[in-house]
Amino acid sequence: MPIVLELRSVLKEFPGHRAVDNISLQLERGGFYSLLGPSGCGKTTTLRMIGGFEQPDAGEVVLNGAIVNGLKPFQRDVSTVFQSYALFPHLTALGNVEFGLRERKIADRAARARRALDLVQLSGKSDRTPAELSGGEKQRVALARSLVLEPQILLLDEPLAALDPKLRKEMRGELKAMQRKTGITFLFVTHDQEEALSMSDRVAVMNQGRIEQFGTPEEVYLRPMTRFVAGFLGAINWFGKTGVRPESTRLAREKPDGVPCIPGAVESSLFFGNRVHVHSRLEDGGRAVAELTLEQNHFAEGEVVWIHWKHADELRFE
Amino acid sequence: MNLRARFLLPGRVWMALFFAAPLAIVCGYSFLTRGDYGGVEQPWTVENFTRLADPIYLGILWRSLWMALLATALCALLGFPLALFIARAGQRKNLWLQLVLLPFWTSFLVRTYAWLFILRDTGLVNTVLMRLHVISSPLPLLYNGGAVLLGLVYNFLPFFVLPMYATLERLDPALMEASADLGARPMTTLCRVIVPVSAPGIVAGSVLVFIPCLGAYLTPDLLGGGKTVMLGNLVQNQFTTARDWPFGSAASLALMLASALLLAALMRSRFAKELM
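These protein sequences, in sequence, are chains A and B.
Per my numbering, the very first residue in the first sequence carries number 24; after that it's consecutive.
Per my numbering, the very first residue in the second sequence carries number 559; after that it's consecutive.
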């Protein structure tokens, strides 16, 4: 697949701090990509530089082989779905979707706008104003408004953050399906690792203005290259310099043979319906969590146990 | 008497004494007959209102509406860009707002007189232009409709700028970004997003300018030199020079009615919520 977007050593400074610190990234056409990181890691600034709302202080933003650094947002063939949706309150859902088509002097814009509203399953509400739509519906209008323009790349700035948790999970599947259906490259910014892992073809994990790791969800989760990536993508138990995910951590009453293990005492267990988190205290004062199925959990509070894991599940960092 | 009524009492007394009672007197006078030396006499009549239909007075009413409309349009044309500029001035916002309000530190009368010194035949503008030999005889800048319009716009511009600023300041910057993102150039964003979304502010500012302009009397009196008579001047004239209190009362009621009708129309419109 050809490269649709490339960042070359992009750097952005705001008074007092370096928001984006020398980022390089290549996105292939038609992929679903995520920028994942904690708030303030520079992911939104990166997205805004691609959209043209911020100018990089150094480096190049390359869209389809052309450097677009100096171009204004209206001169770039990219589109953004804003966190607040930013729907035009004086226009109907259909009017919002038609907005960009009007700018492009496209003839059959009403028909195309209606098809876009169909795609997001809002055809029945095309005459409503944003004030008459629910949060999820506004989100769909914002998506349709950008998708209808068939941009080179669609930028999504934490678009699910304002939705309630149930709807947020439903929208994950829908977003991914929409991306596959339209074939448009998505670049999705989020601080929610589940969102990034479940939807993306590739995830760029960001921290303090840098990309710590860029890889498939499996790679970044199972083979994190830094302590930060390991810790940000999921819970982790530290046994000295060795990290083990809770779901790879097991408990036993007898000392197991042939696997690494360490003694501890069960402190508490938290029930989550389909699984249990058993928290133990280590002899050195540290703590460890084992994620067990209901059958695996037969440990009582205060009980002395052996915490063990497989070598293959160890995460090691320099 | 509960707490709510107690707190409302001073306001109620004030409004009754200084608004309701005088208004009732004006209403009463408007149906009476003019006394020989001013004042009012029996019998009751509606003649004061029928007189308003006279072409002379209809002309004044028409001129007042026209002048107020022009002044409002000019205030909007000048005030909108100014308000937009201030709303986007960042940390300097407060400085610019203070400058807009600065004229209020001196009296309305003094500011209007100042224009006399600028515009009259031996005033600042004509003197400078003559010294520079741009003109050989003074331009007639004063005592015409243009001077009145200038005075109205000058005096009422802040009344447009302030509500306009308040509206534009609250405008979500993401809307402008979204517009640019969808391919709109800045001018298109202004016409298709900023103006329509801030329409309630434009209406609020326009009402605040139009209504006082409609009843203005000092500005047309001083800068129009009695030649550009507006409704306010008519009312003032009837109470002073003409000593026709009943007709003056009728004329001022007509002015109130015109303003009230306009406001009522706006309140019923979709902007009502924003104005309240």
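The beta carbon of each residue, even a glycine, is placed where N, CA and C say it ideally should be.
According to the neighbour-count rule (16 or more other Cβ atoms, all chains shown, within 10 Å of its Cβ), is residue i buried or exposed?
{"i": "V252 (chain A)", "result": "buried"}
{"i": "L772 (chain B)", "result": "buried"}
{"i": "S694 (chain B)", "result": "exposed"}
{"i": "F340 (chain A)", "result": "exposed"}
{"i": "M825 (chain B)", "result": "exposed"}
{"i": "F294 (chain A)", "result": "exposed"}
{"i": "S827 (chain B)", "result": "exposed"}
{"i": "H331 (chain A)", "result": "buried"}
{"i": "G266 (chain A)", "result": "buried"}
{"i": "M834 (chain B)", "result": "Because M834 (chain B) carries a pLDDT of 43, less than 50, the predicted location of this residue cannot be relied on, and the following value inherits that uncertainty. Its Cβ having fewer than 16 others within 10 Å, M834 (chain B) is exposed."}
{"i": "D141 (chain A)", "result": "exposed"}
{"i": "T316 (chain A)", "result": "exposed"}
{"i": "D802 (chain B)", "result": "buried"}
{"i": "L659 (chain B)", "result": "exposed"}
{"i": "I90 (chain A)", "result": "exposed"}
{"i": "A579 (chain B)", "result": "exposed"}
{"i": "L575 (chain B)", "result": "exposed"}
{"i": "A167 (chain A)", "result": "buried"}
{"i": "V692 (chain B)", "result": "exposed"}
{"i": "K348 (chain A)", "result": "Here chain A covers residues 24 to 341 and nothing more, so residue 348 (chain A) does not appear."}
{"i": "H321 (chain A)", "result": "exposed"}
Would you mind stating whether residue i and residue j have Cβ atoms separated by less than 9 Å?
{"i": "P96 (chain A)", "j": "F122 (chain A)", "result": "no"}
{"i": "G790 (chain B)", "j": "F718 (chain B)", "result": "no"}
{"i": "L48 (chain A)", "j": "L70 (chain A)", "result": "no"}
{"i": "R10 (chain A)", "j": "L156 (chain A)", "result": "Because chain A here runs from 24 to 341, residue 10 (chain A) falls outside it and cannot be looked at."}
{"i": "A626 (chain B)", "j": "V767 (chain B)", "result": "yes"}
{"i": "V787 (chain B)", "j": "S810 (chain B)", "result": "no"}
{"i": "E290 (chain A)", "j": "E324 (chain A)", "result": "yes"}
{"i": "R592 (chain B)", "j": "V598 (chain B)", "result": "yes"}
{"i": "A808 (chain B)", "j": "F607 (chain B)", "result": "yes"}
{"i": "W329 (chain A)", "j": "P286 (chain A)", "result": "yes"}
{"i": "G681 (chain B)", "j": "G782 (chain B)", "result": "no"}
{"i": "G74 (chain A)", "j": "A42 (chain A)", "result": "no"}
{"i": "L210 (chain A)", "j": "A165 (chain A)", "result": "no"}
{"i": "R304 (chain A)", "j": "R310 (chain A)", "result": "yes"}
{"i": "Q319 (chain A)", "j": "R273 (chain A)", "result": "yes"}
{"i": "N230 (chain A)", "j": "G39 (chain A)", "result": "no"}
{"i": "V706 (chain B)", "j": "P778 (chain B)", "result": "yes"}
{"i": "S756 (chain B)", "j": "L726 (chain B)", "result": "yes"}
{"i": "V226 (chain A)", "j": "L178 (chain A)", "result": "no"}
{"i": "E218 (chain A)", "j": "R195 (chain A)", "result": "yes"}
{"i": "F55 (chain A)", "j": "M222 (chain A)", "result": "yes"}
{"i": "Q216 (chain A)", "j": "L183 (chain A)", "result": "no"}
{"i": "E126 (chain A)", "j": "A742 (chain B)", "result": "yes"}
{"i": "D336 (chain A)", "j": "S271 (chain A)", "result": "yes"}
Based on the DSSP output, what are the partners of residue i in its beta bridges?
{"i": "Q236 (chain A)", "result": "A:V228"}
{"i": "R339 (chain A)", "result": "A:T265"}
{"i": "N713 (chain B)", "result": "Note: N713 (chain B) sits in no beta bridge, so no partner."}
{"i": "H40 (chain A)", "result": "A:F37"}
{"i": "Q49 (chain A)", "result": "A:E29"}
{"i": "E314 (chain A)", "result": "A:H300"}
{"i": "I90 (chain A)", "result": "A:V85"}
{"i": "G287 (chain A)", "result": "A:L305, A:V328"}
{"i": "L179 (chain A)", "result": "A:V104, A:F211"}
{"i": "R273 (chain A)", "result": "A:H331"}
{"i": "F294 (chain A)", "result": "A:V299"}
What first and last residue would you give for the alpha helix (DSSP H) that runs through residue i?
{"i": "S303 (chain A)", "result": "From DSSP, S303 (chain A) is part of no alpha helix (DSSP H) but of the beta strand (DSSP E) over 299-305."}
{"i": "C771 (chain B)", "result": "757-772"}
{"i": "D779 (chain B)", "result": "776-781"}
{"i": "E218 (chain A)", "result": "216-222"}
{"i": "D739 (chain B)", "result": "731-739"}
{"i": "F607 (chain B)", "result": "605-609"}
{"i": "V658 (chain B)", "result": "651-659"}
{"i": "R250 (chain A)", "result": "250-256"}
{"i": "A822 (chain B)", "result": "803-826"}
{"i": "P613 (chain B)", "result": "613-645"}
{"i": "Q78 (chain A)", "result": "Run containing Q78 (chain A): none; DSSP gives neither H nor E here."}
{"i": "Q794 (chain B)", "result": "789-797"}
{"i": "I752 (chain B)", "result": "Looking at the DSSP string, I752 (chain B) is not in any alpha helix (DSSP H), and its letter there is neither H nor E."}
List the endpoints of the continuous beta strand (DSSP E) containing residue i.
{"i": "Y56 (chain A)", "result": "55-59"}
{"i": "E83 (chain A)", "result": "81-86"}
{"i": "W344 (chain A)", "result": "There is simply no residue 344 (chain A) to check, as chain A begins at 24 and stops at 341 in what is shown."}
{"i": "T205 (chain A)", "result": "Careful: T205 (chain A) lies outside any beta strand (DSSP E), inside the alpha helix (DSSP H) at 188-205."}
{"i": "F211 (chain A)", "result": "208-213"}
(request) State whether the region 656-671 of chain B contacts the region 740-753 of chain B, with contact taken as three or more CB pairs (one from each stretch) at a distance under 8 Å. (result) Under the Cβ criterion (8 Å, minimum of three pairs), the region 656-671 of chain B does not count as touching the region 740-753 of chain B.
(message) Is it the case that the region 77-85 of chain A contacts the region 30-50 of chain A, given that we only count it when at least three CB pairs across the two stretches are under 8 Å?
(response) yes
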